[in-house]
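**Student:** Have a look at this one before I ask anything.
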Ligand code: HEM
Ligand code: FES
């Protein structure tokens, strides 16, 4: 395997840099602070010696970014944090949720909202966070579009982005049924029937979504499994690949930043 | 490469310069090994993927048995107005599995369509033919009106306004002794010709009946 080029150490501000040892220091017993520091370094070294992960970490984090990089470049990370927030709050909601169409689903949501400690807050995070994620993903898509960041060699990252967008929409659609109140029920009926209006494949698609010809006993658990297992797994994997390509290809410079033009400057650099 | 093997080079694998290839060898051992490993992996993956896929798709192909539910005595329905009755479409899941049907007696003055001639009672499904919201019979207007996107239907369930693409679905009816019974659902096109049940939003006139195929598991009676 070719050796990765050694990257420069992270530029730490002077206050955080370790002071050079004074003459005579290091001979006596190490103080508790130094011992703690050594313990931490030992653990990190132990893992790194067996995994070489620090190289990957530096490769991912200490990249060169183009001049003119601005706040709009944070929208992708913002979308990712919205997704992480959804994942964490969703896991805790799943500890209480019951996908039972005969009343249990509605009752379990009511229980979370009214009785569980911080339940209303966590449910609110998940509920409003879903809208935040959809808004952020569109803003991020707009940023990459208007900055021309979808062009060669980043087309594949745009295509993966489109799949991420579709999967996010599937999350929204399947999550909407879960509270199982009147709005959830009828919105899902209408949504499934919109799928059904696709010629030739539509009827089969809506039968697949419902698990039969009518809204049935397994429709809710089907939506629940798609919402909390199938799509999040795909999303996490694809976000990983999306970020790999960002690190591999680097980000684009904003469209208004120009290449150096002044010939005297170029000559001086020769 | 040892001389022993150089003497008997196989003409099939000679180009690959693999030491140890012998005369008559058509597939290198390396290729055989790769092929075997891929096949074994493929079989192992199919062993869990196919049953899982079948499990997920199974309910679509399940035949639902036709049931007839009694909705009331014959005396409770008249010829010129609808009575709402609750029918169970999916048993065991409470309200989520029920729907409303609007029922009246067959009326030779209105139900002039030849397709209806043998029907003792007319049972109209409240499932809007646009996207499936529940329509309501408004007596004063003599119309079925949908709360979602303004679909309007007349006394026979034919569309008179809004986005629906076909008339309201109907249910088969029969009389058992003194009571009226409601059977499976069927869909109709704008001339009230009968089709096996389709989902809302799927037109049945002209090319529509071919663009939206029926379920293989459900037929009209
Ligand atoms: C789950 C949703 C998504 C997440 C978590 C995500 C995350 C990210 C992150 C962190 C970056 C780094 C640069 C930046 O933030 O601008 C990025 C870049 C990029 N994203 Fe996304 N993204 C998502 C959806 C999308 C969508 C919907 C599209 C477009 C259809 C898209 C297209 C791109 C492209 C083309 C780049 C490269 C930008 C450049 O090189 O300057 N992404 N993404
Ligand atoms: S669902 Fe009835 S008009 Fe749209």
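Chains as they are written, first to last, in my numbering: chain C, 21 to 290; chain P, 495 to 715. We put the beta carbon where it would ideally sit given N, CA and C, even for glycine. Because the structure is a prediction, the values reported are computed rather than measured.
Cβ of residue 96 of chain C versus every heavy atom of the ligand HEM: is any distance shorter than 6 Å?
**Tutor:** Checking the Cβ of residue 96 of chain C against the ligand HEM gives yes.
**Student:** Could you please give the first and the last residue of the uninterrupted alpha helix (DSSP H) stretch that includes residue 150 of chain C?
**Tutor:** 139 to 166
**Student:** Quick one: is the Cβ of residue 99 of chain C within less than 6 Å of any heavy atom of the ligand HEM?
**Tutor:** yes
**Student:** So, with DSSP's three-state summary, where would you put residue 270 of chain C?
**Tutor:** coil
**Student:** Using a Cβ distance threshold of 8 Å, determine whether the segment 601 to 621 of chain P contacts the segment 653 to 668 of chain P, with at least three qualifying pairs required.
**Tutor:** Yes: at least three Cβ pairs fall under 8 Å.
**Student:** What separation, rounded to the nearest whole angstrom, lies between the Cα atoms of residue 108 of chain C and residue 129 of chain C?
**Tutor:** 17 Å
**Student:** With DSSP as the reference, please indicate the residues paired to residue 596 of chain P in a beta bridge.
**Tutor:** P:578, P:618
**Student:** Looking at chain P, is there any beta carbon in it that lies within less than 7 Å of the beta carbon of residue 215 of chain C?
**Tutor:** no
**Student:** Report the residue ranges of all alpha helix (DSSP H) runs contained in full by the segment 201 to 276 of chain C; include only those spanning at least 4 residues, in chain order.
**Tutor:** 202 to 216, 222 to 230, 239 to 245, 251 to 269
**Student:** So residue 667 of chain P packs on residue 613 of chain P, CB below 8 Å; how close in whole Å?
**Tutor:** About 6 Å; that satisfies the 8 Å criterion.
**Student:** Counting only beta-carbon atoms, is residue 706 of chain P nearer than 7 Å to chain C?
**Tutor:** For residue 706 of chain P, the nearest beta carbon of chain C is closer than 7 Å to its own beta carbon.
**Student:** Between residue 694 of chain P and residue 213 of chain C, is the Cβ-Cβ spacing less than 7 Å?
**Tutor:** yes
**Student:** Got a sec: is the Cβ-Cβ distance from residue 5 of chain C to anything in chain P below 7 Å?
**Tutor:** Since the displayed chain C opens at 21 and closes at 290, residue 5 of chain C lies outside it and no answer follows.
**Student:** Does residue 696 of chain P pass the burial test, meaning 16 or more other C-beta atoms within 10 Å, or should it be called exposed?
**Tutor:** buried
**Student:** Given that residue 235 of chain C touches chain P, what residues does it touch there, using C-beta distances under 7 Å?
**Tutor:** 584, 590
**Student:** With a threshold of 7 Å between beta-carbons, can residue 695 of chain P be considered close to chain C, or not?
**Tutor:** yes
**Student:** Note down, in chain order, each residue of its chain lying with its Cβ closer than 8 Å to the Cβ of residue 187 of chain C, except the 5 sequence neighbours on either side.
**Tutor:** 251, 254, 255, 258
**Student:** Relative to the C-alpha of residue 550 of chain P, which candidate in C:260, C:267, C:272, C:241 has its C-alpha closest?
**Tutor:** C:241
**Student:** Could you tell me whether the Cβ atoms of residue 267 of chain C and residue 32 of chain C are closer together than 7 Å?
**Tutor:** no
**Student:** Classify residue 68 of chain C: buried if its beta carbon has 16 or more other beta carbons within 10 angstroms, exposed otherwise.
**Tutor:** exposed
**Student:** So who's on the other strand from residue 670 of chain P, going by DSSP bridges?
**Tutor:** P:673
**Student:** Apart from the five residues just before and just after residue 167 of chain C, which ones in its own chain have a Cβ nearer than 7 Å to its Cβ?
**Tutor:** 272, 274, 275
**Student:** What's the call for residue 669 of chain P, buried or exposed, on a 16-neighbour Cβ count within 10 Å?
**Tutor:** exposed
**Student:** Taking the beta carbon of residue 70 of chain C as the centre, do at least 16 other beta carbons fall within 10 Å, making it buried, or is it exposed?
**Tutor:** exposed
**Student:** Check distances from the C-beta atoms of the segment 610 to 628 of chain P to those of chain C and list, in chain order, the residues that come in under 7 Å.
**Tutor:** 625, 626, 627
**Student:** Return yes when the Cβ of residue 624 of chain P is within less than 7 Å of the Cβ of residue 644 of chain P, no when it is not.
**Tutor:** No, the pair does not count as a contact, with Cβ atoms beyond the cut-off.
**Student:** Determine the direct distance from the alpha carbon of residue 534 of chain P to that of residue 521 of chain P, and round the result to whole angstroms.
**Tutor:** 18 Å
**Student:** Taking the alpha-carbon of residue 466 of chain P as reference, which of P:572, P:632, P:642 has the nearest alpha-carbon?
**Tutor:** Residue 466 of chain P lies beyond the residue range present for chain P, which begins at 495 and ends at 715; the question has no answer from this structure.
**Student:** Where does residue 564 of chain P sit, in a helix, a strand or coil, going by DSSP?
**Tutor:** The answer is strand: DSSP assigns residue 564 of chain P an E or B state.
**Student:** Within a Cβ cutoff of 8 Å, which residues of the same chain sit near residue 145 of chain C, ignoring the five residues on either side of it in sequence?
**Tutor:** 105, 109
**Student:** Considering residue 548 of chain P, what are the terminal residues of the alpha helix (DSSP H) in which it resides?
**Tutor:** 523 to 555
**Student:** Across which residues does DSSP place residue 193 of chain C in a beta bridge pair?
**Tutor:** Paired residues: none, contrary to the question.
**Student:** Using a beta-carbon distance below 7 Å, is residue 676 of chain P in contact with chain C?
**Tutor:** no
**Student:** Taking 6 Å as the limit between beta carbons, can you name the residues of its chain near residue 689 of chain P, skipping five residues before and five after?
**Tutor:** Excluding residues within five positions, the ones whose Cβ falls inside 6 Å are 681, 698.
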